[in-house]
Amino acid sequence: MERIKNIFKNIDIYLCIIIPIIFFGALVFIQYAPDTYFVFTNTTRSVINQFATGGRIVTALIAGVCLGIMNLSDKIIYFLSYTFAIICTIISLYRLNNLLKKDIDNKVVSLIIATLIIINPFSIELYIYIEKGIMMFSVLMCILAVEQLEKHFINKTWKEFIIALVFVMIAICSYQGTVGIFVALSLLYIIKYSNNIVEFLLNNFKVATIYGIPAIFNYLIVKFVASNSRVKGQIILSESINKIMQGLKELIFNTYNILPKYLFSIIIFGLIIFIIYKILFFEKEEKKKNKILKFMGTFYILIGITAVTIAPQILQDTNSIWFVARSSYPMASIIGIFLVYIFQQFNIKNYEKNIIILISILFLCIQLICFARIIIDSYIVNYIDKKETAEIIEQIEEYEKESGNQITKIAIYKDENTTFVHKDIKASGDINVRALCTDWASRFIINYYSNRDLKEAEKDIELQEEFSQRDWENFDKEQLVFENDTIHICLY
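Numbering-wise, my numbering comes out as the position in the sequence shown, counting from 1, plus 1.
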């Protein structure tokens, strides 16, 4: 109790509470991604199986408790997940801030950098899905693992090593896309606590072991136990490399359309130039060897974070490689991590600190505006999807009334050019895509709002040919064809 009292006497905890609410507070009202309709309309067994086959065992267990044992309503599940996500973000910020204070003597700077790392540009997608609470729990586990790793580097005892390994295991079984943040932060402490090449290699091996054992364990579950399709297909190396290079290009220069184009890459380039500037002009007393090491450390961090971001993609079959914000979370932390490296390695003057604070706050403000646009548009997408679904349900009910037939099956088709995003909507990867643009999501959203359990029906070849030659830009009743107990729907 005394420890808790001391925490709440510290102003940092209140700032760590305010910051996530500023960025994600608007999402307190229930918001749907296409996957959300699947979770809310399927059986508990199907939902558990969906998460478990993807290696997300913790998520599967929580889904089983909420949907199966407690039988909670949709709104309560969403609110609990959202609240847990905010709590995990707050604790992650607070613990990382305390860790960074050891290297940064300015409280404002350490908190800003912690925010840049935890609430980085790609964190928005972690808040878009119904399992947002577990995704942010994965981030928290990684931060706790880094804390234990640093203690291990200092104390040289294996207790902290084992605890870090357990935390990463829990993190990777919650959500794999965020676990690279453990490696990204660990690179800083590998550099800090390596006094010679032997220690450097040993510390790299330790971090690789803490990350690698859970990763291999999770991969084996997905591949051999769960038989997930993403690791069952064919890997065509040349095509995989090409897709990865295209994905990295989209990540670094466009940030998946989340931030203004080139902003992210300009900031990274600027930080590298600043490091080189400090090495060349303000480290005159340093030995040439130390200057070279600091220069190499910069690219060690850059290459290391890039490698841990793309590593999970390499293990997937070529067709399943898909670069999106949620799976690139570690890479988006690089701005904050470079800043930590700068404060660890160099003597930063007051005017330089002020410039860093000013640019960082400006960057976060731009990010906040971009997040706000995405969040607002997500609710607009939900409204349009609900409105179009209501029109479909109305047509179903009218047909049933006139014909006396009960609709129990659904067959879904696509026109010549299916639209994945509504007009004037800010989208990124899977963020803010229409629910009525994919076969599986369309069926689930109709089931959700109609309280039905429409089963998938075989497609009619003639209708498929006819629909494929049309190209609608808006919902039209002509997209619906009724036949006995089946509704045929063409997605535009």
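The beta carbon of each residue, even a glycine, is placed where N, CA and C say it ideally should be.
Check                                                                                                                   : Outcome
Minimum length 4: unbroken alpha helix (DSSP H) runs contained in the region 439-484                                    : 440-451, 462-469
From 432, 462, 451, 484, residue whose alpha carbon lies closest to that of residue 128                                 : 432
Cα-Cα separation between residue 362 and residue 113, rounded to whole angstroms                                        : 8 Å
Buried versus exposed call for residue 11 [16 or more other C-beta atoms within 10 Å across all chains shown]           : exposed
Three-way DSSP call (helix, strand, coil) for residue 33 in this model                                                  : coil
Cβ pair residue 166, residue 211 closer than 7 Å                                                                        : yes
CB contact flag (residue 132, residue 327, <7 Å)                                                                        : no
Those residues which DSSP pairs with residue 414 across a bridge                                                        : 491
Closest by C-alpha distance to residue 224, when choosing among 55, 238, 185                                            : 55
Member of 59, 340, 69, 91 whose CA lies at the smallest distance from the CA of residue 9                               : 91
DSSP bridge partner residues for residue 429 (one or two, in chain order)                                               : 432
Close-in-space but distant-in-sequence residues of the same chain around residue 308 (CB under 6 Å, 5 per side omitted) : none
Cβ contact check for the region 180-188 and the region 326-342: 3 or more pairs under 8 Å                               : yes
Cβ-based neighbour list, residue 248, same chain, cut-off 6 Å, excluding 5 preceding and 5 following                    : 324
Cβ of residue 476 within 7 Å of any chain D Cβ                                                                          : Within the model displayed, chain D is absent; a lone protein chain is all it includes.
Residue 66 classed as buried or exposed, judged by whether at least 16 other C-beta atoms fall within 10 angstroms      : exposed
Contacting residues, own chain, Cβ-Cβ under 8 Å from residue 369 (five flanking each side not counted)                  : 23, 24
C-beta atoms of residue 374 and residue 427 nearer than 7 Å                                                             : yes
Closest by C-alpha distance to residue 401, when choosing among 483, 435, 352                                           : 483
Closest by C-alpha distance to residue 454, when choosing among 407, 158, 429                                           : 407
Beta-carbon spacing of residue 334, residue 107 below 7 Å                                                               : no
Cutoff 7 Å; reference residue 446; Cβ partners in own chain excluding five residues on either side                      : 38, 386, 390, 436, 437
Burial state of residue 469, where buried means 16 or more other Cβ atoms lie within 10 Å                               : exposed
Residue 337: first and last residue of the uninterrupted alpha helix (DSSP H) it sits in                                : 335-346
Segment contact flag, the region 277-297 with the region 308-322, C-beta cutoff 8 Å, min 3 pairs                        : no
When 28, 474, 356, 256 are compared against residue 76, the one with the closest alpha-carbon                           : 28
Backbone secondary structure at residue 318 - three-state DSSP                                                          : coil
For residue 149 and residue 204, the rounded distance between their alpha carbons                                       : 14 Å
Stretch pair the region 166-175 + the region 315-324: three plus CB contacts closer than 8 Å                            : no
Extent of the continuous alpha helix (DSSP H) to which residue 373 belongs                                              : 351-404
Buried or exposed by the 16-neighbour rule on C-beta atoms within 10 Å, applied to residue 443                          : buried
Delimiting residues of the alpha helix (DSSP H) encompassing residue 156                                                : 133-156
Beta-carbon proximity check, residue 338 vs residue 185, cutoff 7 Å                                                     : yes
Which listed residue (464, 189, 102, 17) has its alpha carbon closest to that of residue 297                            : 189
Contact check, residue 93 vs residue 119, beta carbons under 7 Å                                                        : yes
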